[in-house]
Amino acid sequence: MTDEPLLRVRSISKFYGNRIGCSDISFDLYPGEVLAVVGESGSGKTTLLNCLSTRLLPTSGSVSYRMRDGLFHDLYRMSEAERRFLMRTDWGFVHQNPSDGLRMTVSAGANVGERLMAVGQRHYGDIRATATDWLGRVEISADRIDDQPRAFSGGMRQRLQIARNLVTGPRLVFMDEPTGGLDVSVQARLLDLLRGLVHELGLSAIVVTHDLAVARLLSHRMIVMKDGHVVESGLTDRVLDDPQAPYTQLLVSSILQV
Amino acid sequence: MNAHAEAIAQYNFAYLDEQTKRMIRRAILKAIAIPGYQVPFASREMPMPYGWGTGGVQVTASVIGPQDVLKVIDQGADDTTNAVSIRAFFQKVAQVSVTTHTGEATIIQTRHRIPEEPLKEGQVLVYQVPIPEPLRFLEPRETETRKMHALEEYGLMHVKLYEDIAQHGHIATTFAYPVKVEGRYVMDPSPTPKFDNPKMHMSKALQLFGAGREKRIYAIPPYTHVESLDFDDHPFEVQRFEEPCALCGAHGVYLDEVVLDDRGGRMFVCSDTDHCEERRAEGHRGHLSGEEAAT
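Quick look at the structure:
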């Protein structure tokens, strides 16, 4: 593991007219690290995530990413072709709603295989073997490989989306509320799976969530956002066990106790 | 007065006005310069409904000259409605001579077939194209498909072929089979059977594609590489027929199935009528031709 960060974020701001999306956000993300971005809805979490993943152009600031050659590249200075190539090879993006991240009308196997074919794999047998392997790793049985995601449950769709993203061995994965809308037992298994995969593959991840339990389980570090600003950041356990900012204290104390 | 009225009643040569032809010729030149790239053009209303070859007719009208000899085929046949009416149209508005013989034609407008007889240098093959975008049914957004062409993101095309193999055990696409032109653009060869795909490769004739409703023109210049997409372990194959043409006995040509009665009787005949007639004139006979083979 190197001491150099994978992603360097400097003073990212995004304004929608006069309204603030997110303002002056800086941090570094290191290889193998999982960063959680928490906050209530409307706090700018998703805006920030979209800016980082180049799905949205920020008003100001810069994001640089350390490519496999070890050099930092400014994401917004890259050509669109390079950016899109990065997005389907070295990166993953897990949407809250699986139907945004999956092709609902093609089979599960093709969903997983699409990225492989996009980077030039032309051997059907190999693609299918890789797809089968990945379905197994996300606990989808191999006999569902030719079914369309429409026939899958919510939890299965989300797992399929994860497999589709991880198949090219990305180094950085963005997740937008990966467990949103799932019931708790499915959520628990998905989190377990994600934790295993992140650990096994040495992924870096930025996870946006409003669920502090998800943040605690998955992330090493977290940043807390409110009204587009970062109110607190630090190691996850420290922030959750000893919140400093008044808003974080409120957030932590709002967790329902069962 | 009479002379004046007559002058007004006349069409410009080949129906389209000269400015329109210039515009379409520019699009054609651009299309030839970038093989396989879909060039937008200001498609005109033609005196025929969309889907009947308005794109092909506009391309033909823009390249045709008084010396040209025109052949029009529809699914390989010279005598079907679409072919007959387009041929009559150009006889009327361009006074060109027409033919049904592939070898004699300088311009061949086609709907969904490439003639069996190999094309020569100097010939132009004009295709009528309903949907020019090969990615259309995989990605409905035009903005996105254009971007995918620009960035050469063609992984999705293989997703379709993957689905075919997953569902049917082989690539089940039999027509409009996607091709890659000169190693760059993925192109829809219009709904020709994939049987004809190999004929596009290194063709000596210029191939022009016109889509009137979709307002796109694209082209394959002569001697251009045209490669049908496939997988390493599922290579591209053309259709094979078990029996020869029932009329002329030809092997290795594309056949149409003709139902003869309501008791399952059927015959397979050449889809290229001109090819079949020429072979029969040469004395070839199939088993249903009703005549004995010559000599």
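Same order as they appear, the protein sequences are chains A and B.
With UniProt numbering applied, the first sequence has no gaps in its numbers, which climb one by one up to 258 at the end.
With UniProt numbering applied, the second sequence has no gaps in its numbers, which climb one by one up to 295 at the end.
Backbone N, C-alpha and C define an ideal beta-carbon position, used for all residues, glycine too.
From a predicted model like this one, the values you see are computed outputs, not experimental measurements.
### Element boundaries [alpha helix (DSSP H), containing V159(B)]
155-168 is the span of the alpha helix (DSSP H), which, as asked, contains V159(B).
### Query
Under three-state DSSP, which class holds D17(B)?
The answer is coil: DSSP assigns D17(B) none of H, G, I, E or B.
### Query
What's the gap between the Cα of I20(A) and the Cα of V34(A)?
Pairing I20(A) with V34(A), the inter-Cα distance amounts to about 26 Å.
### Task
Confirm, please, whether the CB-CB distance from P178(B) to V238(B) is below 9 Å.
Going by C-beta atoms, V238(B) is not nearer than 9 Å to P178(B).
### Message
So the candidates are M23(B), V63(B), R87(B); which of them puts its Cα closest to the Cα of D74(B)?
### Response
The shortest C-alpha separation from D74(B) is found at R87(B).
### Enclosing alpha helix (DSSP H) for M148(B) [first to last residue]
Run containing M148(B): 142-150, per the alpha helix (DSSP H) assignment.
### Query
Counting Cβ pairs closer than 8 Å, one from the region 243-252 of chain A and one from the region 65-78 of chain A, do we hit at least three?
With the cut-off at 8 Å, the region 243-252 of chain A and the region 65-78 of chain A do not touch.
### Query
In chain order, what residues of the same chain lie with their CB nearer than 6 Å to the CB of V59(B), ignoring the 5 residues before and after it?
Sequence-distant partners of V59(B) (beyond 5 residues in either direction) whose C-beta falls short of 6 Å from its own C-beta, in its chain, are V126, L208, G210.
#### Entry: Residues near D74(A) in its chain [Cβ-Cβ closer than 7 Å; skip 5 each side]
The answer, listed in chain order, is S62, S64.
### Query
Taking buried to mean at least 16 other C-beta atoms within 10 Å of its own C-beta, is R128(A) buried or exposed?
Burial is judged here by how many other beta carbons sit within 10 angstroms of a residue's own beta carbon; R128(A) has at least 16 and is buried.
#### Entry: Uninterrupted alpha helix (DSSP H) stretches inside the region 164-206 of chain B (no shorter than 4 residues)
Qualifying alpha helix (DSSP H) stretches, in chain order: 197-200.
### Task
Determine the chain A residues that contact Y177(B) at a beta-carbon separation under 7 Å, and present them in chain order.
Those within 7 Å of Y177(B) in chain A number zero; the least Cβ separation is about 16 Å.
### Message
In the DSSP output, what is H73(A) paired with across the bridge?
### Response
Beta-bridge pairing by DSSP links H73(A) to Y65(A).
### Message
Quick check on the DSSP output: the alpha helix (DSSP H) that includes D192(A) runs from which residue to which?
### Response
It spans 184-201 - the alpha helix (DSSP H) in which D192(A) sits, taken as one unbroken run.
### Task
Please confirm whether T100(B) and D274(B) have their CB atoms less than 9 Å apart.
In this structure, D274(B) lies closer than 9 Å to T100(B) by Cβ.
### Query
Thinking C-beta only, is R136(B) closer than 9 Å to T192(B)?
It is not a contact, given that the beta carbons lie outside the stated cut-off.
### Query
Thinking C-alpha only, which one of R25(B), D17(B), I28(B), A31(B) is nearest M46(B)?
It is D17(B) whose Cα lies nearest to the Cα of M46(B).
### Message
For the beta strand (DSSP E) containing F268(B), name the first residue and the last one.
### Response
It spans 266-270 - the beta strand (DSSP E) in which F268(B) sits, taken as one unbroken run.
### Query
What distance in whole Å lies between the Cβ atoms of M225(A) and K45(A), which are believed to be in contact at a cut-off of 8 Å?
Contact between K45(A) and M225(A) holds: their C-beta atoms lie close to 6 Å from each other, under 8 Å.
### Task
Could you give the DSSP three-state label for H220(A): helix, strand or coil?
Under the three-state reduction of DSSP output, H220(A) falls in the coil class, being neither helix nor strand.
### Query
What alpha helix (DSSP H) runs, 4 residues minimum, are completely inside the region 18-65 of chain A?
Within the region 18-65 of chain A, the complete alpha helix (DSSP H) runs of at least 4 residues are 45-52.
### Query
So what does DSSP say about V214(A), is it helix, strand or coil?
In the three-state reduction of the DSSP assignment, V214(A) falls in the helix class, which pools H, G and I.
### Query
With a cut-off of 9 Å, does the C-beta of E227(B) fall near any C-beta of chain A?
It does not; no Cβ of chain A falls within 9 Å.
### Query
Would E163(B) be called buried (16 or more neighbouring beta carbons within 10 Å of its own) or exposed?
Under this definition E163(B) is a buried residue.
### Task
Just mark V184(A) as buried or exposed, buried being the case when its beta carbon has 16 or more other beta carbons within 10 Å.
Classified as exposed, V184(A) has fewer than 16 neighbouring CB atoms from the shown chains inside 10 Å of its CB.
### Continuous beta strand (DSSP E) assignments of at least 3 residues falling wholly in the region 63-112 of chain B
Whole beta strand (DSSP E) segments, 3+ residues: 69-74, 107-111.
### Message
Output needed in chain order: residues of the region 98-115 of chain A with a Cβ under 8 Å from some Cβ in chain B.
### Response
Residues R103, V106, S107, G109, A110, G113, E114, R115.
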